[in-house]
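Residues 350 to 1098 (the working numbering) make up the sequence shown, in order.
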Amino acid sequence: MDAGRRHRLGLHHRRGRGRRPPRGRALRRQARPALACLPRARGRWLTGQEAEAAAQADPRLAERDPLRALLEGRALRIGGRQVPAAEPAAALLARARTEAVRRRAGRQPAALVLLHPAGWSEADRRLLSSAAGRTEPRLLPVPVAVGVAALAAWPEAVPELPLGGVALVVDVGSALEITAVRRTGRGFELAGVPPLRDPRLGGAELDGVLWEVAAAGEGAAPAAPPGALRSAKEALSAQPSAELRLPGVTLKVDRSAFEAAAEDVLQAVAAQVAAAVAEAGPAVVCLTGGTSRMPRCAELVAAAVGATPLIHLAEPGAKVLGALRAVLDPPRVRVAAQPPGVVTALTAYRTGRSTGEQRATGAAPVWYTGTRQDVRGIAVDGEAVYALGDRVGAVSAGDHAPRWTSPPLPGLDRLVPAYDTLYGLGAAGVVALDARSGAVRWTAEGALSAVPGAGGRVHLHDGATVSTREAVSGRKLWSFRPGGRPAGLAVPGDGCVYAAAAGRVWALDADGGEELWRYGGAPGPVAVPAVADSLVVLSDLAGVRALDAATGATVWSAPGPPGVGVPVLAGTSVCVAVGSVLTCLDLHTGTRRWQVAEHHPYPALPFAGSGIVCARSGNGYVGYDLATGRGLWRFVDGAATDIRSEPVIADGQVHTVRVQLLDLRAPLTATSLRSLTARAFRTPPKSFLTALDAHTGTVRWREILDNSVAQEPIVSGRALFTFVLTAAAGTGRGTVIARLDATTGATPW
């Protein structure tokens, strides 16, 4: 129920089985007027259409906005007597419940969800809860429900609004309200910025404009009741003219005349929206409210937001449908360990699917900075670059300005950034740092992995148990012992944590850790699953299979070569590399699309993106067409003894690193051995940083460095980040961290 507007909507819902989206519909005519009337003859409160009719007969017996009166603490005098403000408000809520029970054949609703404006205080919300009587309602800000409804109605907007991204909700109802909301793993939350509310710009003001247009030239026309004005205004949103029916007279209104008279109000709405977009810089703008259904209003707002994607929720019941989804079926968001827009060699593994092609825009500044530490790894979150040595240091990704240096943190070997937390992992366990200051938040000794999840949580496993902690405080929320050593976790953001251990896969509730189902099929190991489109895809000794994410039942199974490989998802394809065989299956049916075999085993996961599948094989890399498996190219580079990185695909390029080592294949003599030893200590190795065309395998650019690059490149937009160990063996310490132009290969030296 929308409790924050003059005209409310009830909602009827029947929940389906499993995890199907909620089904509901707005009861557009039930309890619509936010009006309570107390006729003397009946002695009970009337609501809805009955109250509207009674108020027309005697307006002194009606309270036009009971909930607002409750919040303002106004003393009500109705029908010549004092009335507590809570009485008409409670009557409105009781009417909504009665209507729901009637529609459900006498069954009581399981929950009451009340929507309220974002600007309501805690005291306002407590008063609203008290008006619900014995039922404990769930309170939800209107912009949060609008955000959920927008993603449900326009799923293609999901890539535009990553986790942590800001959406601007423009609600043009009885007043104009503009609110910023932030996307989370469980839906949306208020972004902490006070909402803008202007009662002069909205339906109440346009009611007066409509009456002036309709009554022009009619002389002493009777006063128009609010319900008649509202009906005529709604009709004008869908047709060129409408009739305004008054007692004893019917007036005709043209949309063109109404829009011309309302132009100043609508232009002011658009100006407020343009200013809010310029200030907040949202990824998406959501437009809703009754006034937004005016074609001219929608046109002006679309022009005001410019290139920012606009989602228009014109359906009158969109807010309450969004509230139902937010409470009963929150959006399932895939949460990547690496922040959105950053591509690494582990991107496909961490997210359960490839990120696809990253589009680089704008010029890319290049820079390098040195440190006396022996850096073991770097991580990027879009705003900062983190370097791991004996300590962790952070510099700005844009201009390498120093940000902070942590205290000594021995025993760590890799970093995982996740929004405002930076996780260090290694033999010492997991250390959580504040990404803004470098302060240690908490530690988890013995933990082997940290997978960030939705709702400010992180999921760990320590070789015996799976556990979930709060990301900021480190407080343990739950733990689960699967009865075997966990091989890894998958946290796709659908409300579950999937753990592979001892030849089985468990689906655990991400909030409480309860076991939802388990799979224990063929004997032997099971790879960490990948999750997409309500399917859990896993590989075991029997082949590849997909399970229903809600029940664990097998949806399909496909035989494969002997062995176990980690599934990599790319669109509607599943790619699995086992030994020297790479197989591509249809995600939804398990049908084999293609299979290729190489002379050398695939040493790691394939990487899918830009319409290709790329993998390391033998002395180089191979690229296949994702749709057909046709070999597109083969890039052989250097000797077999060289060290090669995994491929990273971004913006139509495949980025690779090769470190050239001394060739030890030639027969050794006393002289050659002395020569090799001297060269190893005097001559640093060379590193080849290469970008290949993803579709042809031709070299787009190459940079040769006179030292070792010890990690795959990290690509963020048009920037490529890497680091070079500048000291040759035995000559000292030092590392250079550099940002290159990923598109052209331009360097800072």
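No residue lacks a Cβ here, since even glycine has one placed at the ideal position from N, Cα and C.
- Put simply, of Gly909, Ala999, Trp943 and Val1003 the residue whose alpha carbon is nearest the alpha carbon of Arg965 is Val1003.
- Secondary structure of Arg894 (DSSP, three-state): strand.
- Within a 10 Å sphere around the beta-carbon of Glu448 sit 16 or more other beta-carbons, which makes this residue buried.
- Secondary structure of Arg824 (DSSP, three-state): coil.
- Rounded to whole angstroms, the gap between the alpha carbons of Ala459 and Gly731 is 43 Å.
- Pro458: not part of any alpha helix (DSSP H); DSSP gives it neither H nor E.
- Two segments are said to touch when three or more pairs of C-beta atoms, one from each, lie closer than 8 Å; by this definition the region 652–663 touches the region 610–623.
- The three-state reading of DSSP puts Gln616 in helix, counting H, G and I together.
- Put simply, of Gln1009, Trp1050, Gly852 and His1044 the residue whose alpha carbon is nearest the alpha carbon of Lys1035 is Gln1009.
- With respect to Gly1083, Leu1089 sits apart: the two C-beta atoms are not nearer than 9 Å.
- It is roughly 48 Å from the alpha-carbon of Ala898 to the alpha-carbon of Pro1097.
- Burial state of Ile1053 is exposed, judged by a 10 Å Cβ sphere holding fewer than 16 other Cβ atoms.
- A Cβ-Cβ contact shorter than 9 Å links Ala895 with Gly939.
- The region 984–1002 and the region 951–963 touch, with three or more beta-carbon pairs separated by less than 8 Å.
- The beta carbon of Pro759 is closer than 7 Å to those of Asp739 and Ala777 in its chain, skipping five residues each way along the sequence.
- Comparing alpha carbon positions, the residue from Ala750, Val729 and Ala728 closest to Gly719 is Ala750.
- Per DSSP, reduced to three states, the secondary structure at Thr447 is helical.
- Gly536 is positioned such that its CB atom lies closer than 9 Å to that of Val497.
- Distance from Ala494 to Lys668 at the Cβ level is roughly 5 Å; contact confirmed, criterion being Cβ atoms closer than 8 Å.
- Within the same chain, Pro801 come within 6 Å of Ala767 by CB-CB distance, once the 5 residues on both sides are set aside.
- It is roughly 24 Å from the alpha-carbon of Arg1051 to the alpha-carbon of Ala736.
- A check of alpha carbon separations from Pro490 across Ser479, Asp520, Ser786 and Arg721 identifies Asp520 as the nearest.
- Taking a 10 Å sphere around the C-beta of Gln1060, we find 16 or more other C-beta atoms and assign the residue as buried.
- Taken through DSSP and simplified to helix, strand or coil, Gly805 comes out as coil.
- Separation of the CB atoms of Ser641 and Ala663 is rounded to 7 Å, and the pair is thereby assigned contact status at 8 Å.
- If you compare the alpha carbons of Trp866, Glu538, Cys963 and Leu887 with that of Ala675, the shortest gap goes to Glu538.
- Pro408 sits in a helix when the DSSP states are folded into three classes.
- Just so you know, the alpha carbons of Arg824 and Val1048 end up roughly 49 Å apart.
- Separation of Ala989 and Gly861 (C-alpha to C-alpha, rounded to the nearest whole angstrom) is 49 Å.
- Two segments are said to touch when three or more pairs of C-beta atoms, one from each, lie closer than 8 Å; by this definition the region 599–614 touches the region 555–566.
- DSSP places Glu592 inside the beta strand (DSSP E), whose first and last residues are Ser590 to Leu595.
- Note: Pro490 is bridge-paired with His465 in the DSSP secondary-structure output.
- Across the structure, Gly514 and Leu936 are spaced so that their CA atoms are roughly 29 Å apart.
- Annotation: the continuous beta strand (DSSP E) that includes Asp974 extends over Gly969 to Asp974.
- Contact holds between the region 845–861 and the region 808–815, because three or more Cβ pairs, one in each stretch, are under 8 Å apart.
- The continuous beta strand (DSSP E) containing Pro766 extends over residues Leu761 to Ala767.
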